[in-house]
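Asks: For reference, each letter of the sequence shown is one residue, going 106 to 329 in the working numbering.
Where is the CB? At the ideal position from N, CA and C, for every residue including glycine.
Quick caveat, the model's predicted, so the values are computed rather than measured.
Please read through the structure below; I'll follow up with questions.
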Amino acid sequence: MRRLIWIFALAFAVNASGGQGVEPVSGRRIAPVMSAAGADWLERPERAVEEQPGKALDALNLKPGMTIADIGAGTGYMTLRIARRVAPSGRVYGVDIQPEMLRRLEANAARAGLTDIQPVLGDAKNPKLPDNAIDLALMVDVYHELAEPQAMLRALRVALKPEGRLVLLEYRKEDPTIPIRPDHEMTVAEAKLEVEAEGYRLSRVVETLPRQHILIFTKREPRP
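Quick look at the structure:
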């Protein structure tokens, strides 16, 4: 029953247009994008227990003064938590492709008194971030929904600093007991194949969360 509840909740929250196609490198079915109509699901009280966002951010060793991009920021659930960790001199770009999500993010940031968050309206291929400016780009339960994943990865590579990191949090497809739709899960092998195809290297996999992989990628030096 618990699994069915999660399935129906996500079915309500995603874009009614359905799936977006097939990832060109791995052949993975791309999941539909969660629409702003289902944004309340991002703020569900049980998320703190199910996903343990504090523990996830602990694994990333964020420091004051860092510049972070939260890609697919939604209502700012993770964005606000990141901003508190990089304050007072850091900056967080909250990137989303839906203006309504960004309006909610701005309202949540204002209520929290956080002034170092910059909302950015990106598109399916480009997060619209400055070049060579980002210490860490984070996608929490987002990468599997990217309509143009390879183009987005290329754009993010340009935005990352030379030592910058790209981090994906994705529900473990390897575990059949995870209560979420299969197209909203990924294996480590799938993520590695797709992301490394665009000039990254999987440097670390952290498995401290109850349901998600933490996949940490660095930029690979271009071949001569």
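(1) Anyone know if the C-beta pair for A242 and L261 falls short of 8 Å?
(2) For V154, does the three-state DSSP call read helix, strand or coil?
(3) Closest to M171 by C-alpha separation, out of K233, K266 and V245, would be which residue?
(4) So, helix, strand or coil for E290, using DSSP?
(5) Mind listing, in chain order, the continuous alpha helix (DSSP H) runs of no fewer than 4 residues lying wholly within the region 184 to 227?
(6) What do you get for K168, buried or exposed, if any count of 16 or more other CB atoms within 10 angstroms of its CB means buried?
(7) With 16 other CB atoms within 10 Å as the buried threshold, where does D236 fall?
(8) Whole alpha helix (DSSP H) runs in the region 247 to 299 with 4 or more residues, listed along the chain?
(9) Under a Cβ-count criterion, where at least 16 other Cβ atoms within 10 Å of its own Cβ denotes burial, should E326 be classed as buried or exposed?
(10) When you compare only the Cα positions, how much space is there between A212 and V245?
(11) If you draw a straight line from the C-alpha of G179 to the C-alpha of A215, how long is it?
(12) Below 8 Å on the Cβ atoms is my contact criterion, and I expect P232 with V197 to pass it. Report the Cβ-Cβ distance as a whole number of Å.
(13) Taking the beta strand (DSSP E) that D175 belongs to, which residues open and close that run?
(14) Does the count of Cβ pairs from the region 143 to 159 and the region 217 to 233 closer than 8 Å reach three?
(15) From the DSSP secondary-structure annotation, give me the bridge partner or partners of I321.
(16) Apart from the five residues on each side of it in sequence, which residues of its chain come closer than 7 Å, Cβ to Cβ, to V263?
(17) Taking Cβ positions, are I189 and P158 nearer each other than 8 Å?
(18) Where does A142 fall in DSSP's three states?
(19) Please report the Cβ distance between A252 and M206, rounded to the nearest whole angstrom; I am assuming they are in contact, meaning their Cβ atoms lie under 8 Å.
(20) Which partner residues of R134 appear in the DSSP bridge assignment?
(21) Just to confirm before moving on: does the CB-CB distance between K230 and G269 stay below 8 Å?
(22) Considering just the uninterrupted stretch of the beta strand (DSSP E) at L165, what are its terminal residues?
(23) Please confirm whether L298 and S131 have their CB atoms less than 8 Å apart.
Replies: In brief:
(1) yes
(2) helix
(3) K266
(4) strand
(5) 204 to 217
(6) exposed
(7) exposed
(8) 254 to 264
(9) exposed
(10) 20 Å
(11) 15 Å
(12) So it is not a contact: roughly 13 Å between Cβ atoms.
(13) T172 to I176
(14) no
(15) V272 and R309
(16) D236
(17) Per the sequence shown, residue 189 should be read as Arg rather than Ile. No.
(18) helix
(19) Contact flag wrong, Cβ pair sits at about 16 Å.
(20) V127
(21) no
(22) Where L165 is concerned, there is no enclosing beta strand (DSSP E), given that its DSSP letter is neither H nor E.
(23) yes
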